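Colleague:
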Amino acid sequence: MPRFYVSQPLTVGQLVDLPEAVAHHVQVLRLAQGEPVTLFNGDGGEYTARLSAIARRGASAEITAHSAREAELPFAVTLAQALPEGSKMDWIIEKAIELGVSGVQPLAAQRCVVKLSAERAEKKLEHWRGIIVAAAEQSGRNRLARLAPPQDYKNWISQQEPQRRIILTPRAEQSLADWARQEPPQAVTLVIGPEGGLSEQEEELALRHGALPLAMGPRILRTETAGLAALAMLAAAWGGM
572 MPRFYVSQPL TVGQLVDLPE AVAHHVQVLR LAQGEPVTLF NGDGGEYTAR LSAIARRGAS
632 AEITAHSARE AELPFAVTLA QALPEGSKMD WIIEKAIELG VSGVQPLAAQ RCVVKLSAER
692 AEKKLEHWRG IIVAAAEQSG RNRLARLAPP QDYKNWISQQ EPQRRIILTP RAEQSLADWA
752 RQEPPQAVTL VIGPEGGLSE QEEELALRHG ALPLAMGPRI LRTETAGLAA LAMLAAAWGG
812 M
């Protein structure tokens, strides 16, 4: 059944005018009046609805039932990702949403090639929000991951964080897999460097502010691989896969 995100309150029996982008998607999929669709608004659960009208520039649906089904991980993971080159961030966010990440924090680290002005950052945020919505629709999630504005790495790492920060580094003596097997499920923030990794000064700054250094194993992973592999590893150890 096609799934669509609708950013408004939803209730059983309600007739909903679908957003323009959703109505366009309905037409692209060649859905017909009376066909069932699933709607969610990010507040939890999902709604079964039937398309009641499809016009050239719009569509509406009547909500017939609510389900409390969720597909979230049993622990919260924030991905603090240093900005990579090109369109890699798009791919990282999409796959992280599919794997269950609950928050994304873009970071401007020392070795980042990408430099975002305030205007470019706002456009990127709008683009990434669209990726989060599309990935949630595709993967069956009924809640949207939080997307924070890009921050300078040094400023961000110096701030207090309510959940444990894990900095992935090949210089760590303990692996993430070993640590996760010994620890109960808990909220964590995974800190991932850019191409070339975080500098020694950036790693030392993280440790001074309480970050836990852990390794991913004997192989060096690319920036677009490390965070996703870590997410899958935690889900395998703590549940959610």
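Be aware that the sequence shown starts at 572, since it is given in my numbering, and climbs by one per residue.
For glycine and all other residues, C-beta sits at the position ideal for the given N, C-alpha and C.
Just so we're clear, the structure is a prediction, and the values are computed from it rather than from any experiment.
Here's the rule: buried if 16 or more other CB atoms are within 10 angstroms of the residue's CB, otherwise exposed. What is T649?
Modeller: buried
Colleague: Report the three-state DSSP secondary structure of L747 (helix, strand or coil).
Modeller: helix
Colleague: Given a cut-off of 8 Å on the beta-carbon distance, is the pair P765 and A692 in contact?
Modeller: With respect to the 8 Å criterion, P765 and A692 are not classified as neighbours on the basis of their beta carbons.
Colleague: Taking the beta carbon of T794 as the centre, do at least 16 other beta carbons fall within 10 Å, making it buried, or is it exposed?
Modeller: buried
Colleague: How many Å lie between P573 and E697 at the Cα?
Modeller: 23 Å
Colleague: Give the DSSP bridge partners of T619, in chain order.
Modeller: T609, A636
Colleague: Using three-state DSSP, classify D614 as helix, strand or coil.
Modeller: It is coil, neither helix nor strand.
Colleague: At the level of alpha carbons, what is the spacing between C683 and G798?
Modeller: 16 Å
Colleague: Let me confirm a value: S688 is counted as buried when at least 16 other C-beta atoms fall within 10 Å, else exposed. Which label applies?
Modeller: exposed
Colleague: Quick test of your reading: I702 and L715, contact by CB under 8 Å. State the CB separation rounded to the nearest angstrom.
Modeller: That pair is no contact at about 11 Å.
Colleague: What residue range does the beta strand (DSSP E) around I738 cover?
Modeller: 735-739
Colleague: If we count the other Cβ atoms within 10 Å of its Cβ and call it buried at 16 or more, is S673 buried or exposed?
Modeller: Its Cβ being crowded by 16 or more others within 10 Å, S673 is buried.
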